[in-house]
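See structure below.
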Amino acid sequence: MYKYIFRILPVCIALIAIGQSASAQTQPRWLSVGSLNNFFMPVGNEREHALVTQQQFGLQWPAVYNNQNSQAAKGLWIGTTNFTDENGVEYPYKLVHAGPRTSGLDTFFPMEHKLIGRYGPTEVFVDGDASFNNPDEVDEVDPNLPSDRMIYTRVNTSLGITMERRIMQFTNAFHDNYHVMEYTFTNTGRADDTDEVIFPNKTLENVRFFWQYRYSVVNETRYVVGNASGWGKNAMTDRIGDGLGPNYGADPRLAGHFTWHGLMTNPPAIVDYNHIGGPIWTGANSADIAADDTSGRLGAYHFVGNAFLHIDTAPGNTAHDPNQPSTMTETESDDDLNRPNDSFNETRMEQEYRRFMEAGRTPRHAFLVTPSGVFEEQTQDPSRGSSGGYSAASGVGPYTLAPGESVRIVKVEAASGIGREAAQAIGEAYKLSDGDDDEDIPYEVNGTVYNFNKNEWVFQGRDSLMLTFNRALENFLSDYSAPKAPQPPSVFNVDSGGDGIYLSWEYPDAETANIQGFEIYRAGYRRDSSYVRIATVDPNVREFADTDDNPLGGPIRGIDYYYYIQAVGLDNQNTGAALTPADRALRSSRYFTQTYDPAFLRRQPGETMDQIVVVPNPYIDSAGTDVSFERSRIFFFEVPGRARIDIYTEMGEHIQTIDHSDGSGDAEWNLNTSSRQRIVSGVYIASIENLDTGERVTRKFVVIM
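Letter by letter, the sequence shown follows residues 12 to 716 in the numbering used here.
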């Protein structure tokens with residue numbers, strides 16, 4: 012449903028002429044061209060229900076599949092001591108809050124929020140309709156951008172600190188499951204939604220920056236396992252780089268948190284098998300899962316987390332401070348201090364600063380639940396008696412910021428795991444074992460067969476997340492030298508026909524010499540099923556007919572099909588930098604060209620003109636209750652394979668011509684005139700001509716808008 016919401020938003024903005032400042036406060040931007048998708052708000056943080064009133068929304072990986080959200084809420088607090096505001100009121104502790112529940116718009120003032128692309132977005136159409144999941148709304152194009160996409164946000168705060176946040180996404184398949192976030196905090200003295208300097212001479216003392224992450228892995232399995240998993244009550248959170256436990260292969264320069272789907276015992280899960288990894292045995296338990304999705308596949312094999320890549324030692328000293336972050340802890344997600352916060356309540360702000368921001372490095376949550384550290388054998392409840400489970404929390408500081416001084420903090424947020432195919436195979440084997448937690452399951456990885464039990468397989472995903480963190484660190488330290496993936500097609504069309512499905516695309520002429528061709532992939536029945544490469548074509552080719560002539564077999568009537576196309580780069584473009592495997596050519600991201608709406612073989616052409624029917628007739632508009640624009644269609648069935656359809660009002664005014672040439676017996680009209688105006692209620696007449704024989708018939712139909 013959300014894709015329709017985002018189509019409407021730009022139109023609404025234009026109609027009501029929102030000014031730049033107001034627009035900046037309301038419009039999200041998405042990073043959606045890699046396997047990790049997330050939205051980002053102009054306030055500089057993504058609180059609970061920031062975009063939709065859904066407990067788990069955002070941090071979608073792998074985003075091509077449905078209901079892969081692992082984000083419940085985030086918080087960003089900035090605190091200082093001995094602060095005097097513009098009215099002369101003195102505060103021993105002064106904090107501003109954005110999240111995890113507070114909007115922050117009374118103390119965080121969005122000034123600028125835009126998505127910058129190294130190139131423009133790809134337009135994807137299925138049977139003439141735009142097809143996408145999360146939007147890629149590029150505001151500016153900068154060919155020198157170090158990443159493929161970057162969101163730039165600038166926010167003033169009532170402390171006089173201006174925050175700049177640069178969030179980068181890469182489409183190299185070995186770097187597309189993380190986002191790098193560069194924060195710069197500057198004492199500008201600007202403390203409202205203008206550029207006026209309100210505090211020109213104020214030095215800020217003991218400045219601390221504090222983040223919270225309420226992860227919940229993942230919403231697809233929420234009602235399979237139990238509702239409480241939706242707000243992260245079963246979240247197990249561990250750390251790296253705190254000096255208190257193992258680093259699991261992460262680079263020792265990293266410090267951060269990561270979370271996975273733990274075993275829920277209070278309240279107990281509604282399934283009677285060990286649900287680490289989220290095995291799905293009964294799809295009908297969940298509105299988010301098809302009723303026939305009962306193979307046992309692992310639905311919550313994900314590991315998600317964040318880590319610091321760089322923390323300035325002090326203003327003017329950009330060397331990384333290995334003693335930071337000063338605070339690494341886990342907070343009760345429903346702690347009273349995480350309720351709606353108040354930047355004028357002195358008592359609460361002191362508690363927030365001293366109990367949260369100055370918490371230091373406390374014992375790790377995961378080890379408090381399972382002291383042995385063998386988390387595959389976890390038995391105790393991760394919530395530890397709390398109502399909402401635990402959130403990851405980390406803090407940096409304290410700093411002294413004189414006017415004009417700044418500090419830079421760089422983080423990465425990532426998701427990884429054993430992957431969908433492994434999750435399918437291992438989950439099926441676990442179900443076939445009737446939930447035997449000790450049974451070894453053989454599975455082949457890179458040509459070698461390994462044997463682990465189900466939970467041990469799930470925890471191989473932890474290694475994958477650590478590799479992702481390491482790649483992000485190497486990419487950052489090398490000034491973002493990870494090899495660039497090829498540029499994707501700028502337009503991708505998929506058109507259903509009577510004897511095949513026809514694909515065409517556009518590609519920048521200047522980039523053709525930088526690729527060795529295109530690969531086309533297809534899946535049948537459902538978008539989230541397995542894709543097969545059905546064609547490899549030369550770099551100058553711009554169309555492909557998926558028909559019975561396809562050596563791999565053409566489409567079958569009655570089955571829905573989904574496609575994506577990738578440009579294949581030259582072998583020598585992959586330098587192997589930033590831990591990128593150097594033994595293969597890189598491909599453009601499938602997320603640019605993935606189709607989210609089905610194409611299918613249309614019916615064969617009608618044999619006689621008198622078989623032509625108009626459906627539905629009468630047409631009754633359902634726009635008042637359904638925002639799916641694709642439903643606003645009139646269909647003409649049993650038409651000739653080549654036909655011209657002229658639409659007239661009852662008064663004889665010609666309003667539209669439909670040129671039908673795809674060889675099928677189906678044609679459709681989107682109820683717009685040739686001048687792109689929506690029609691009104693009335694009686695309409697269609698004159699249909701067979702372009703091969705010259706025969707002509709008319710059909711009358713009624714439209715009620």
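Ideal Cβ placement from N, Cα and C applies to all residues, glycine included. Note that this is a predicted model, so its numbers are computed, not measured.
Judged by beta-carbon spacing, E700 lies beyond the 8 angstroms limit of R689, meaning their Cβ atoms are not closer than that value. Remark: fewer than three beta-carbon pairs, one from each stretch, lie closer than 8 angstroms, so the stretch 62 to 74 and the stretch 202 to 222 are not flagged as touching. Non-local beta-carbon contacts of T390 in its own chain, meaning distances under 8 angstroms to residues more than five positions away in sequence, involve L274, T276 and T381 in chain order.
For H124, the enclosing beta strand (DSSP E) begins and ends at F119 to G128. Under the three-state reduction of DSSP output, H331 falls in the strand class.
Of F68, G115 and T479, the smallest CA-CA separation from L87 is found for G115.
For H313, there is no enclosing alpha helix (DSSP H), as DSSP gives it neither H nor E. Rounded to whole angstroms, the Cβ separation of A413 and T248 is 36 angstroms, and the two are not in contact under 8 angstroms. Where T619 is concerned, there is no enclosing alpha helix (DSSP H), because DSSP gives it neither an H nor an E. Per DSSP, D506 lies in no alpha helix (DSSP H); the unbroken beta strand (DSSP E) holding it starts and ends at V502 to S507.
Collapsing the DSSP output to three states places N466 in a helix. For the pair V548 and R598, the Cα-to-Cα distance works out to about 14 angstroms. C-alpha of I89 to C-alpha of G569: approximately 57 angstroms in a straight line. Take Q471, set aside five residues on each side of it, and the residues of its chain with a beta-carbon closer than 6 angstroms to its own are I429, in chain order.
Ranked by Cα distance from T479, the first of A610, G243, G316 and D608 is G316. Just so you know, the alpha carbons of V552 and V456 end up roughly 35 angstroms apart. With the rule of 3 Cβ pairs closer than 8 angstroms, the stretch 102 to 119 does not count as touching the stretch 154 to 161. Y441 is positioned such that its CB atom lies closer than 8 angstroms to that of G307. At a Cβ-Cβ threshold of 8 angstroms, I531 and I576 count as neighbours. Fully enclosed beta strand (DSSP E) runs of no fewer than 3 residues occupy 502 to 507, 511 to 517, 526 to 535, 543 to 548 and 554 to 558 of the stretch 490 to 571, in order along the chain. In this structure, the alpha-carbon of V460 lies about 6 angstroms from that of P453. Under the three-state reduction of DSSP, R372 is assigned to strand. Ranked by Cα distance from D303, the first of Y312, T293, A311 and G310 is T293.
Distance from the CA atom of N466 to the CA atom of E450, rounded to whole angstroms, is 10 angstroms.
Within the DSSP secondary-structure output, W222 pairs in a beta bridge with L87 and S405.
Assigned with DSSP and collapsed to three states, N245 falls in coil, not helix or strand. Looking at I696, N481 and G674, the one whose alpha-carbon comes closest to that of H321 is N481.
Nearest C-alpha to Q615 among A370, F648 and L702: F648. If you look at D657, you'll find it isn't in any alpha helix (DSSP H); it sits in the beta strand (DSSP E) that goes A654 to T660. Minimum Cα-Cα distance from N628 among the listed residues D594, S692 and A589 corresponds to S692. Between the stretch 130 to 147 and the stretch 176 to 189, the count of C-beta pairs closer than 8 angstroms stays below three; the two stretches do not touch. Taking the Cα positions, R366 is about 44 angstroms away from D447. In terms of Cα proximity to A325, the closest of D347, T195 and G289 is T195. Taking T523 as the centre and dropping the five residues before and after it, the same chain places the C-beta of P550 and N551 closer than 8 angstroms to its C-beta, in chain order. Taking the CA atoms as reference points, T342 sits about 47 angstroms from D582. In this structure, G509 sits away from T558, with a CB-CB distance that is not shorter than 8 angstroms.
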